[in-house]
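*Asks:*
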Amino acid sequence: ILTGKVVGDPPVSPAVMTSRFLDDVISFLQQISSKPPHQPCEFHKRPQTDQEGAYHDMAELFGFSGQHQTHDYNCPLTGDHNHLNCLNQFANVLNHFFYGEHPTRTSYYHHENIIENIKAARTVYTGNYVFKAEALKYFIPFATLRLRMAGPVLGRIIKSELSNRFVSANLPMLHKRTVEDTGQSGYRPGIEQQSHLMDLSGEFERQFFGDIMLFTVEKLMDSGFSLHDTSGEQINNIITTVENTILQKYLNKHHEINLKLEQASSFFQQPNHWWNSTAETKTAMAKIQLFFDNIAHNFGQDSTAYKLLCSKDVRQKQLKHIVEAITHYQTDRASWEKILTTMQ
Numbered sequence: 010i011l012t013g014k015v016v017g018d019p020p021v022s023p024a025v026m027t028s029r030f031l032d033d034v035i036s037f038l039q040q041i042s043s044k045p046p047h048q049p050c051e052f053h054k055r056p057q058t059d060q061e062g063a064y065h066d067m068a069e070l071f072g073f074s075g076q077h078q079t080h081d082y083n084c085p086l087t088g089d090h091n092h093l094n095c096l097n098q099f100a101n102v103l104n105h106f107f108y109g110e111h112p113t114r115t116s117y118y119h120h121e122n123i124i125e126n127i128k129a130a131r132t133v134y135t136g137n138y139v140f141k142a143e144a145l146k147y148f149i150p151f152a153t154l155r156l157r158m159a160g161p162v163l164g165r166i167i168k169s170e171l172s173n174r175f176v177s178a179n180l181p182m183l184h185k186r187t188v189e190d191t192g193q194s195g196y197r198p199g200i201e202q203q204s205h206l207m208d209l210s211g212e213f214e215r216q217f218f219g220d221i222m223l224f225t226v227e228k229l230m231d232s233g234f235s236l237h238d239t240s241g242e243q244i245n246n247i248i249t250t251v252e253n254t255i256l257q258k259y260l261n262k263h264h265e266i267n268l269k270l271e272q273a274s275s276f277f278q279q280p281n282h283w284w285n286s287t288a289e290t291k292t293a294m295a296k297i298q299l300f301f302d303n304i305a306h307n308f309g310q311d312s313t314a315y316k317l318l319c320s321k322d323v324r325q326k327q328l329k330h331i332v333e334a335i336t337h338y339q340t341d342r343a344s345w346e347k348i349l350t351t352m353q
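Each residue of the sequence shown is one higher than the one before, counting from 10 in my numbering.
#1: Quickly, what does DSSP pair Leu206 with across the bridge? List them, please.
#2: Bridge partners of Asn2, per DSSP?
#3: One question on the structure: do Ser22 and Arg157 come within less than 8 Å of each other, judged by their Cβ atoms?
#4: Suppose the cutoff is 6 Å on Cβ atoms and the five residues either side in sequence are ignored; what does the same chain contact list for Pro46 look like?
#5: Indicate the three-state DSSP secondary structure (helix, strand or coil) for Met158 in the structure shown.
#6: For Thr250, which of Lys296, Ile221, Asn267 and Leu260 has the nearest alpha-carbon?
#7: Where His337 and Asn245 are concerned, what is the direct C-alpha to C-alpha distance, given to the nearest angstrom?
#8: Let me know if Cys84 comes out buried or exposed under the rule of 16 or more other beta-carbons within 10 Å of its beta-carbon.
#9: What residue from Lys326, Tyr259, Tyr138 and Gly109 has the CA that sits closest to Gly439's CA?
#10: Tell me, please, whether the stretch 26-43 touches the stretch 274-289 by the rule of three or more beta-carbon pairs shorter than 8 Å.
#11: Straight-line CA distance for Phe217 to Arg324?
#12: Do you know offhand how far Phe233's Cα is from Glu252's?
#13: Should Cys319 be labelled buried (16 or more other beta-carbon atoms within 10 Å of its own) or exposed?
#14: List, from N- to C-terminal side, the alpha helix (DSSP H) runs of 4 residues or more that fit wholly inside the stretch 288-330.
#15: Would you say Ala144 reaches chain B, if we count a Cβ-Cβ gap shorter than 8 Å as a contact?
#16: Hey, Met26 and Tyr64: beta-carbon distance below 8 Å or not?
#17: Hey, out of Leu103, Ile10 and His264, whose CA is closest to Ala295's CA?
#18: Any idea which residues DSSP pairs Val139 with across the strands?
#19: Which residue from Ala24, Leu317, Val34 and Pro19 puts its Cα closest to that of Ser275?
#20: Using 8 Å as the Cβ pair cut-off and three pairs as the minimum, do the stretch 299-308 and the stretch 116-127 touch?
#21: Please return the same chain residues whose Cβ sits closer than 6 Å to the Cβ of Phe140, not counting the five positions on each side in sequence.
#22: Pull up the DSSP beta-bridge partners for Lys228, would you.
#23: For Ala129, write down the residues that DSSP places opposite it in a beta bridge.
#24: What's the gap between the Cα of Lys326 and the Cα of Leu256?
#25: Between which two residues does the alpha helix (DSSP H) carrying Ser42 extend?
#26: Of the residues Glu346, Ile304, Lys185 and Glu125, which one's Cα is nearest the Cα of Glu271?
#27: Quick one: what does DSSP say Met67 is sitting in, helix, strand or coil?
#28: Using DSSP with H/G/I as helix, E/B as strand and the rest coil, what is Leu223?
#29: Tell me whether Pro181 sits in a helix, a strand or coil according to DSSP, three-state version.
#30: Note the first and the last residue of the continuous alpha helix (DSSP H) segment covering Val251.
#31: Can you give the Cα-Cα distance for Gly160 and Asn267, rounded to whole angstroms?
#32: Rounded to whole angstroms, what is the Cα-Cα separation between Phe71 and Ile167?
#33: If you draw a straight line from the alpha carbon of Asp66 to that of Lys258, how long is it in whole angstroms?
#34: With a 10 Å radius around its C-beta and 16 neighbouring C-beta atoms as the bar for buried, classify Met352 as buried or exposed.
#35: Ser116 by DSSP, collapsed to three states: which one?
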């Protein structure tokens, strides 16, 4: 099995990108506040491309550096334009974030010799892979749970069985939004438009428990267990440890997000900033305020997502489903292989 990375928009949920993005929003507002509004735009620096997984709030979970730097907003406008135009453009794309489009952090393609840089893989990048017929025995595991992270989960299982016959190469697929004016993708389960606000709680839940599913499977593989003979007791012991770790990380990020939201909103509303003294920014200000309202709605102290996270009953019910799915994996796989044999 050969897979290649995804470049362009991060193919992950805002549920795990918000803290770092707020860093970028705060930085942009601070920078542009000191620029005369009708002065030629200075936000055309070279994009930062040197940090893999830089968009992810918990990049260290995936083996990437936990250290990160703020990323600048790179204005896409061409021709003569000023800081007022730049602020308006920033406001236009800001709420695209809730559909997964990232205005400040993009995954870029870096050219490498493909043959010389083939390496062991651990994730199947959805829509970007090629495989031999024998690999049809693998399928998206635990699909009935409808959780995110299916590609990484499948990758961990394949890696444990194929080892160096499962590789990745520098053959990226460009990931973009399908509706340019709103930043929407064609279909995002777990996202609902509620009047002027976005409700991400469904996707948030799918991401949180998808992370638990992924790192439970990874820990099982790393501990030398096989899904052929793993018992329910083994899975329960590991999933309890993983749940505690992931829950604490999400709660820590929740605290960070609320501190950063307060900082960003307070700075934005300060009356001495030039955007608060001209009618030319009225529409932009409304869009930026909507962004803050959406952050508060989805990540605030009373948000549905975090109430769900703190519900022991909800967590126990979902963990039970994950344990059952892992326990029954071999039965599902035997049924799949029987179907493949019948089709030959």
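Backbone N, C-alpha and C define an ideal beta-carbon position, used for all residues, glycine too.
*Replies:* Answer, in terms of the structure:
#1: Gln203
#2: Residue 2 cannot be examined here, being either before or after the span of the chain that is shown, 10 to 353.
#3: yes
#4: His92, Leu93 and Trp283
#5: coil
#6: Ile221
#7: 14 Å
#8: buried
#9: There is simply no residue 439 to check, as the chain begins at 10 and stops at 353 in what is shown.
#10: yes
#11: 10 Å
#12: The sequence shown places Gly at residue 233, not Phe. Near 20 Å, if we compare the C-alpha coordinates of Glu252 and Gly233.
#13: exposed
#14: 291-308 and 313-318
#15: You won't find chain B in this structure, because it holds only one protein chain.
#16: yes
#17: Leu103
#18: Leu11
#19: Val34
#20: no
#21: Ile10
#22: According to DSSP, Lys228 bridges with nothing at all.
#23: Val176
#24: 15 Å
#25: Thr27 to Ser42
#26: Ile304
#27: coil
#28: helix
#29: strand
#30: Gly241 to Gln278
#31: 31 Å
#32: 17 Å
#33: 10 Å
#34: exposed
#35: strand
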